[in-house]
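Engineer: Everything in the sequence shown is counted per this note's numbering, starting at 628 for the first residue and increasing by one. Before we start, here is the structure in question, set down as structure tokens.
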Amino acid sequence: MSPRVRRRNPTVEPIEAIEPTEAVPSGEVGPLESAPIVPAPVVPETGVPATRLRISRRKKDEPKAHFQEFKVAVDPGATVLDALLEIRRSQDPSLVVRHSCIHASCGTCGIRVNGRESLACDTPLASLPPGKPLKVEPLAGQRLVADLATDMVDFYARFEAAGMPQVRAVGPADARAAAAPAGPSALDSVHALSRFENCIECGLCLSACPISRANQDFIGPAALAAAARVVAEPRGVDLGPVLALAAEPDSVWGCHSAMECSAVCPAGVEPAMALFELRRRVAADGLKRLLRRGAGRDRGSGSLPGTRGDAV
């Protein structure tokens with residue numbers, strides 16, 4: 628497998644020495660409805676209608692999450708991330724929010740808004756039901772760092788298990804092409820060394836998947852879509868371990884076709900369709916192995932090819 632690329636560390640505000648030591652069960656990641664609600668701070672009059680947000684709060688030393696309600700005045704075209712950052716600036720700088728690119732490319736600001744997985748920077752406030760407070764929670768099924776930030780280490784480990792190459796293996800010819808002067812083929816050289824799929828690794832599909840919430844051993848739609856990409860174009864990867872992983876009970880056969888992963892995907896990757904294609908490949912590969920074993924038993928029965936085993 629090609630070496631893993633070094634990831635740019637996403638921005639987590641504020642920077643706190645919080646190191647999760649154990650996975651938080653999916654039932655505890657989302658705050659309980661019966662949890663107390665902290666009163667919202669007073670917002671100065673600005674003439675702009677205030678938006679109410681009920682935000683899940685939990686630090687490392689707290690036994691469970693609770694909601695805290697805020698009122699914030701932002702422009703009509705603002706996003707959920709704009710509102711969260713305004714709360715940090717003007718009301719509570721201890722609110723932990725992870726973000727980076729602010730244009731739906733990096734996937735680091737994944738959260739749940741009104742129970743639905745989405746990117747905070749790509750969710751306009753105007754697209755949400757007016758008049759009611761927005762319920763903002765962290766993604767489900769992942770280790771909680773604090774408040775709305777989750778640790779993606781387990782999510783990334785699933786990609787490695789699926790054999791997903793991060794960059795194309797570079798041979799001598801590729802290295803010479805990349806070092807060549809700029810010209811008509813320069814863009815092709817760059818593409819030859821870059822990632823090939825559209826997944827931004829935001830984790831929304833894993834949070835939305837009902838199987839992943841019920842079964843933590845299920846590898847998840849993103850990793851299976853990555854495995855399908857490897858099978859479609861191996862790029863030198865041995866497909867044996869990848870197909871063996873996909874054939875395990877908690878892999879392609881664990882999916883119940885809820886299609887929630889494709890519904891929440893912000894990049895249009897359609898992980899559910901990739902999973903179905905991988906399932907067909909696994910079934911075909913299993914049938915071929917079965918036929919080969921059957922042919923091997925026939926050859927080992929003692930009869931010579933072209934004879935009926937009659938005594939000479």
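By construction, the Cβ of each residue, glycine as well, lies at the ideal position given by its N, Cα and C atoms.
Are the CB atoms of V879 and C826 within a distance shorter than 8 Å?
Structural biologist: Locating residue 826 in the sequence shown gives position 199, where the first residue counts as 1. Locating residue 879 in the sequence shown gives position 252, where the first residue counts as 1. Cβ distance not < 8 Å, so C826 and V879 don't count as in contact.
Engineer: Sort C892, L872, R685 by Cα distance to L746 and report the nearest one.
Structural biologist: Here residue 746 corresponds to residue number 119 of the sequence shown, with the count starting at 1. Nearest C-alpha to L746: C892.
Engineer: What number of angstroms, rounded off, separates the C-alpha of L941 from the C-alpha of H730?
Structural biologist: Lying outside 628 to 939, the shown extent of the chain, residue 941 is not represented and no answer is given.
Engineer: Please go through the same chain and pick out, in chain order, the residues whose beta-carbon is closer than 7 Å to the beta-carbon of R803, but skip the five residues on each side of it.
Structural biologist: For this step, residue 803 is matched to residue 176 along the sequence shown. Confidence is the limiting factor: at R803 the pLDDT is only 49, short of 50, which leaves the residue's position unreliable, though a coordinate-based value still follows. For R803, there are no CB contacts under 7 Å within the same chain when 5 residues up- and downstream are skipped.
Engineer: Using only the alpha-carbon positions, how far apart do V651 and Q718 sit?
Structural biologist: Against the sequence shown, residue 651 aligns to sequence position 24. Against the sequence shown, residue 718 aligns to sequence position 91. Residue confidence is low: V651 scores 44 on pLDDT, short of 50, so the model does not pin down where it sits. Its coordinate-derived value is still stated next. Those two C-alpha atoms are separated by around 28 Å.
Engineer: Measuring straight from C-alpha to C-alpha, what distance separates R920 and S683?
Structural biologist: Against the sequence shown, residue 920 aligns to sequence position 293. Against the sequence shown, residue 683 aligns to sequence position 56. About 55 Å.
Engineer: Given that a residue counts as buried once 16 or more other Cβ atoms are within 10 Å of its Cβ, and exposed if not, what is A850?
Structural biologist: Here the question's residue 850 lines up with position 223 in the sequence shown. That one is buried.
Engineer: Relative to the C-alpha of G881, which residue among G913, A710, R840 is closest?
Structural biologist: To locate residue 881, count along the sequence shown from 1; it is residue 254. Selected option, being the one with the closest Cα: R840.
Engineer: Are the CB atoms of C748 and T777 nearer to each other than 8 Å?
Structural biologist: Your numbering for residue 748 matches position 121 in the sequence shown. Your numbering for residue 777 matches position 150 in the sequence shown. It is not a contact, given that the beta carbons lie outside the stated cut-off.
Engineer: Starting from F694, follow the beta strand (DSSP E) in both directions and report where the run begins and ends.
Structural biologist: Here residue 694 refers to the residue found at position 67 of the sequence shown. That run of the beta strand (DSSP E) goes 693-700.
Engineer: Assuming A692 and V699 make a contact with CB atoms under 8 Å, what is their CB distance in whole Å?
Structural biologist: Counting from one through the sequence shown, the residue named residue 692 turns up at place 65. Counting from one through the sequence shown, the residue named residue 699 turns up at place 72. Not quite, the Cβ-Cβ distance comes to about 20 Å (not below 8 Å), so this is no contact.
Engineer: Whose C-alpha, out of P898, E904, M886, Q843, is nearest the C-alpha of L870?
Structural biologist: Within the sequence shown, the letter at position 243 stands for residue 870. L870 has its Cα closest to that of E904, out of P898, E904, M886, Q843.
Engineer: Excluding sequence positions up to five away, which residues of its chain have a Cβ less than 6 Å from the Cβ of P751?
Structural biologist: For the purposes of this step, residue 751 is taken as the residue at position 124 of the sequence shown. Only T706 meet the Cβ criterion.
Engineer: With distances taken between CB atoms, is the gap from G830 to L755 smaller than 8 Å?
Structural biologist: For the purposes of this step, residue 830 is identified with residue 203 of the sequence shown, where counting begins at 1. For the purposes of this step, residue 755 is identified with residue 128 of the sequence shown, where counting begins at 1. No; because the gap between Cβ atoms is not below 8 Å, this pair is not in contact.
Engineer: With DSSP as the reference, label V896 as helix, strand or coil.
Structural biologist: Working through the sequence shown from its first residue, we reach residue 896 at position 269. Looking at V896 - three-state DSSP - the assignment turns out to be coil, as it is neither helix nor strand.
Engineer: Please identify the residue among S721, D774, G742 whose C-alpha is closest to the C-alpha of M760.
Structural biologist: As a working note, residue 760 is residue 133 in the sequence shown. Checking the displayed sequence, the identity of residue 760 turns out to be Pro instead of Met. That would be G742, whose Cα lies nearest to the Cα of P760.
Engineer: Thinking just about the alpha-carbon of each residue, which of G790, V724, R785, F845 is nearest to the one in L771?
Structural biologist: Taking the first residue of the sequence shown as 1, we reach residue 771 at position 144. With distances taken between Cα atoms, L771 lies closest to V724.
Engineer: What is the rounded straight-line gap between the Cα of A852 and the Cα of A901?
Structural biologist: The residue given as residue 852 occupies position 225 in the sequence shown. The residue given as residue 901 occupies position 274 in the sequence shown. Their backbone Cα atoms lie some 5 Å apart in a straight line.
Engineer: Taking Cβ to Cβ, would you say M779 is nearer than 8 Å to R856?
Structural biologist: What you label residue 779 is simply residue 152 of the sequence shown in a count that begins at 1. What you label residue 856 is simply residue 229 of the sequence shown in a count that begins at 1. Contact: no.
Engineer: Is the distance from the Cβ of L833 to the Cβ of A854 below 8 Å?
Structural biologist: Your numbering for residue 833 matches position 206 in the sequence shown. Your numbering for residue 854 matches position 227 in the sequence shown. Cβ distance not < 8 Å, so L833 and A854 don't count as in contact.
Engineer: Give the list of continuous beta strand (DSSP E) stretches no shorter than 3 residues that lie fully inside the segment 722-762.
Structural biologist: 724-726, 737-740, 743-746
Engineer: Whose C-alpha, out of L866, E744, C728, is nearest the C-alpha of V763?
Structural biologist: As a first step, residue 763 must be located in the sequence shown, where it is residue number 136. Closest by C-alpha distance to V763, out of L866, E744, C728, is E744.
Engineer: Pull up the distance between the alpha-carbon of D774 and that of R916, whole angstroms please.
Structural biologist: Residue 774 sits at position 147 when you count from the first residue of the sequence shown. Residue 916 sits at position 289 when you count from the first residue of the sequence shown. Roughly 49 Å separates the two Cα atoms.
Engineer: Distance, Cα to Cα, S889 vs A835?
Structural biologist: In the sequence shown, the residue the question calls residue 889 occupies position 262. In the sequence shown, the residue the question calls residue 835 occupies position 208. Looking at the two C-alpha atoms, the distance is approximately 9 Å.
Engineer: Which residue's Cα is closest to the Cα of G704: A753, N842, A894?
Structural biologist: Within the sequence shown, the letter at position 77 stands for residue 704. That would be A753, whose Cα lies nearest to the Cα of G704.
Engineer: Less than 8 Å separating the beta-carbons of L708 and I714?
Structural biologist: Counted from its first residue, the sequence shown places residue 708 at position 81. Counted from its first residue, the sequence shown places residue 714 at position 87. In this structure, I714 does not lie closer than 8 Å to L708 by Cβ.
Engineer: If you count every other CB in all the chains shown that lies within 10 Å of the CB of E828, and 16 or more means buried, which is it?
Structural biologist: Taking the first residue of the sequence shown as position 1, residue 828 is located at position 201. Buried, since its Cβ has 16 or more Cβ neighbours within 10 Å.
Engineer: Considering only DSSP beta bridges, list what D778 is partnered with.
Structural biologist: The residue labelled residue 778 in the question sits at position 151 within the sequence shown. In DSSP, D778 forms a bridge with R770.
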